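Under this note's numbering, think of the first position of the sequence shown as 2, with each following residue one higher.
Glycine residues also receive a C-beta, built at the ideal position from the N, C-alpha and C atoms.
All figures in this text were calculated on a predicted structure; none of them were measured in a lab.
For reference, the structure discussed in these notes is given below.
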Amino acid sequence: MDLLNETKYIMKKYNISAAKKFGQNFLIEDEIVNEIIASSNITKEDLVIEIGPGLGTLTKELLEKAGKVIAIEIDKRMLDILEDRFKLYDNFQIINDDVLKVDLKQVIEQNQIKHAKVVANLPYYITTPIIMKLLEDKIDLKSITVMVQKEVADRLVTEPGTGDSGAITYGIRYYTEPQRVIEVPSNAFLPAPEVNSTVIKLDVLEKPPVEVKDEKLLFKIIKVAFMQKRKTLLNGLSNSNLFGSKEEIEKILLELGFDLRIRGEKLTLGDFTRIANYISMK
Ligand code: SAM
C-alpha cells in the first residue's frame, strides 16, 4: 500500500480527522519520508526524539534505524494508533504532552544512549518556539532535522546580514550549522497546507563560532535591533533605552567602526558580538 492509501486507511480505521488546531498535516509522499530519514543519518547508537509523530509515518522508519525513539505527541487520539502500530518494538516510548512543557534534558539523560537527535515534521503554529527551546535549553543534541514552512526555512538557513535574516537567524548560527535538505510541495501532505515546506538540518556545534562574554546581552541586542527592522541600528538600540542614551550608543558604534546609518539586518553575528562584548565591558 502506498503512503497516501495507508494514511487514509489508518484515519478511517481509527475514525480520525486531521485537527487544524494541532497543525496536523500528514506526510503522504514516500520520497520525502526517505529523504528525511536519509539526511538525519540515524544509527543504532542514536536516541531519536520525534516531535509530533501523528499517525506514525516517520516513526515507523525511525524505529528501524534508531537505538530508541521517544515520540512526543500532544493529541491523545494518536496514542492508541501509535501503541497498536508499534507494539512489537521494544525501542519505542510515547510521551503524551505538549513538547514545550517537556523537560527534554531530563528525558535524554534518563537514557544511556550516546547521541540524541531530533527528527520531526513540525506543527507550524509553534515552529519558532520549538526550535528556540531545542537550542536555548542547551539540550545535548547532535542534530535537528525538521520540516518547516518554506518562509521560515529561508530565515533559518540564510547567511546572517542578508535579506531574509531575522533575529532567529543569528541564534541558529550561534548554535548550529544549518543546511537545506529538500523543498516539499504542499501536495505531499494530507490535508495539503496553504504553504510550501522545506526540510532543513541543523548540525549542533560543539561550541559557538564567536566568543561572547554575555550571551544574554548578545541576544537582547539582536532582538532589539530586529524589533525595529526599518530603523537604523543606532535608533533601534537607543529607542530601547536598554543600552544607554543615543549619544552613548553613537560613541560605541563609531568606536567600533560602524557607519551610523547601518541597519541591524546588515550586521553579521561577529558584528553583534563585538557590540555586545564592548557594552558588557563598560
Ligand atoms: N509526523 C506526522 C507526519 O509527518 O505525518 C505528523 C506531523 S503534523 C505536521 C504535526 C504533529 O505535531 C501532529 O501530530 C500534532 O498533533 C503534533 N503536535 C502539535 N502540537 C504539538 C505540541 N505542542 N507538542 C507535541 N506535539 C504536537
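Residue i CB to nearest heavy atom of the ligand SAM below 6 Å
| i | result |
| --- | --- |
| E30 | no |
| F93 | no |
| I145 | no |
| I73 | yes |
| V100 | yes |
| D138 | no |
| G245 | no |
| G265 | no |
| T177 | no |
| T199 | no |
| N236 | no |
| F27 | yes |
| D104 | no |
| F87 | no |
| L4 | no |
Distance between residue j and residue i (C-alpha atoms, nearest Å)
| i | j | result |
| --- | --- | --- |
| N242 | K208 | 31 Å |
| K235 | I280 | Strictly speaking, residue 235 in this sequence is Leu, with Lys absent from that position. So the alpha carbons of these two residues sit roughly 14 Å apart. |
| E46 | G68 | 6 Å |
| M88 | A72 | Correcting the residue type first, residue 88 is Lys in the shown sequence and not Met. Near 14 Å, if we compare the C-alpha coordinates of A72 and K88. |
| L48 | N6 | 30 Å |
| T269 | I82 | 47 Å |
| A193 | N26 | 7 Å |
| A168 | T129 | 11 Å |
| D91 | I43 | 17 Å |
| I109 | K118 | 10 Å |
| P124 | K283 | 43 Å |
| S50 | A277 | Just to set this straight, residue 50 is Ile in the shown sequence, not Ser. Taking the straight line from one Cα to the other gives about 34 Å. |
| E216 | G57 | 38 Å |
| L238 | A226 | 6 Å |
| L157 | E248 | 34 Å |
| L140 | N112 | Checking the sequence, you will find Ile at residue 140 rather than Leu. So the alpha carbons of these two residues sit roughly 13 Å apart. |
| N35 | I52 | 18 Å |
| V211 | Q180 | 19 Å |
| K230 | K21 | 31 Å |
| G55 | V200 | 17 Å |
| K252 | Y126 | 41 Å |
| N240 | L135 | 31 Å |
| L219 | G245 | 15 Å |
| I250 | G172 | 23 Å |
| F23 | I114 | 30 Å |
| F284 | R78 | Past the boundaries of the shown model lies residue 284; the chain is included only from 2 to 283, so the question cannot be answered. |
The alpha helix (DSSP H) enclosing residue i, as first and last residue numbers
| i | result |
| --- | --- |
| Q107 | L105 to E110 |
| M133 | T128 to E137 |
| V34 | D31 to S41 |
| A20 | First-last for A20: undefined, no H or E at that position. |
Short Cβ contact (7 Å threshold) for residue i with residue j
| i | j | result |
| --- | --- | --- |
| S41 | V120 | yes |
| I145 | L80 | no |
| D104 | I75 | no |
| V329 | T177 | Any answer about residue 329 is impossible in this case: the structure gives the chain only from 2 up to 283. |
| Q150 | S187 | no |
| F259 | I223 | no |
| L28 | N122 | yes |
| G162 | K267 | yes |
| A154 | I33 | no |
| L257 | R275 | yes |
Beta carbon proximity, residue i to chain C, threshold 7 Å
| i | result |
| --- | --- |
| S246 | Of the protein chains in this structure there is only one, and it is not chain C. |
Cβ-heavy atom distance, residue i to the ligand HEM, below 6 Å
| i | result |
| --- | --- |
| G55 | No copy of the ligand HEM occurs in the structure displayed; its ligands are the ligand SAM alone. |
First and last residue of the uninterrupted beta strand (DSSP E) at residue i
| i | result |
| --- | --- |
| V120 | H116 to N122 |
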